[in-house]
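The block underneath contains the structure these notes are about, expressed in C-alpha cells.
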Amino acid sequence: TWNRGYFVTLLDAEIKRARRHRKPLSILLCDIDHFKRINDAYGHPAGDSALCHFVAAAQKMLRASDHLGRWGGEEFVVVLPETPLCGAERAAERLRKHIEAMSVVQGEHSFSFTVSLGVSVLCETDTVDTMIARADQALYTAKDSGRNRVIAPA
Numbered sequence: 002t003w004n005r006g007y008f009v010t011l012l013d014a015e016i017k018r019a020r021r022h023r024k025p026l027s028i029l030l031c032d033i034d035h036f037k038r039i040n041d042a043y044g045h046p047a048g049d050s051a052l053c054h055f056v057a058a059a060q061k062m063l064r065a066s067d068h069l070g071r072w073g074g075e076e077f078v079v080v081l082p083e084t085p086l087c088g089a090e091r092a093a094e095r096l097r098k099h100i101e102a103m104s105v106v107q108g109e110h111s112f113s114f115t116v117s118l119g120v121s122v123l124c125e126t127d128t129v130d131t132m133i134a135r136a137d138q139a140l141y142t143a144k145d146s147g148r149n150r151v152i153a154p155a
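FYI, in our numbering the residues of the sequence shown are 2 to 155.
Encoded structure:
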C-alpha cells in the first residue's frame, strides 16, 4: 500500500493519462468508522489488525489496474482508472459490504468494523486537490449521515 506522497504523484499522472486518452477516472476516499473505538476497546494491535484486514480486503476486491494507498491515519484512497461514476459506486459498495461482513480475530477478541466511502469523478478542470476535496466532502457526508455508506456527488 502506497503512502500519501507517492499517491499524489500517481493520481496526477492518472489525471493526465485520463485526459490524454479521454477516459473516465474515479477515486474513492475510505475511512474506517469509529477507528478510535477499536483502539480503545481492544488495543492498538487490534487497530493495526483492522488496518491490515482493510488493505487485504481492498486488494482482493480491486482490479489489477486500480491503485490503493494510505492517505493518513485510518483513511485510504483508491484510484480507479477508466471507471465512470456508476462503476466507482459499484466498486465502493462491494468493498463496503465485504468489510461489513468480515470478522477480525485479535488475541481473545473478535470484532467487526465498517467503512464510509466518498466518491469523486474527474471533471474537466480538476486537479489532484479538487478531486480529493470532492471525495473528502462526500466522505464527510457519508460519516455525517450515519457511517457505513457510500456517497457520490449528485
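We put the beta carbon where it would ideally sit given N, CA and C, even for glycine.
As the structure is a computational prediction, the values presented were derived from the model and not from experiment.
Report buried or exposed for residue i, applying the criterion of at least 16 other Cβ atoms within 10 angstroms of its Cβ.
i    : result
C31  : buried
R135 : buried
S27  : buried
R91  : exposed
T126 : exposed
A65  : exposed
A14  : exposed
Given this structure, state the Cα-to-Cα distance separating residue i from residue j, to the nearest angstrom.
i    : j    : result
I16  : T10  : 10 Å
A51  : H22  : 37 Å
D130 : L12  : 10 Å
I152 : T128 : 20 Å
A143 : A19  : 27 Å
P82  : S121 : 12 Å
A139 : D145 : 10 Å
P25  : Q60  : 21 Å
V105 : R150 : 20 Å
A89  : G73  : 21 Å
D67  : R97  : 17 Å
F36  : E101 : 14 Å
L123 : C87  : 13 Å
Which residues in the same chain as residue i place their Cβ atom closer than 7 Å to its Cβ, once the five residues preceding and following it in sequence are excluded?
i    : result
L63  : L69 and V79
I39  : A47, G48, A51, F112 and F114
N4   : G70 and R71
R95  : M62
H110 : Y43 and A47
S117 : D32, D34, L140, A143, K144, R148, N149 and R150
I'd like the list of long-range same chain contacts for residue i, defined as Cβ closer than 8 Å, with 5 residues on each side in sequence excluded.
i   : result
P46 : Q107 and G108
Y7  : G70
Against chain C, with Cβ distances strictly below 8 Å, would residue i count as a contact?
i   : result
R23 : The structure shown has no chain C; it contains just one protein chain.
Reducing DSSP to helix, strand and coil, say where residue i ends up.
i    : result
C31  : strand
F112 : strand
R71  : strand
S50  : helix
G6   : helix
L26  : strand
E15  : helix
L63  : coil
For residue i, collect the residues of the same chain with a Cβ closer than 6 Å to its Cβ; drop the 5 residues on either side in sequence, then sort them by chain order.
i   : result
E76 : D32
P85 : P25
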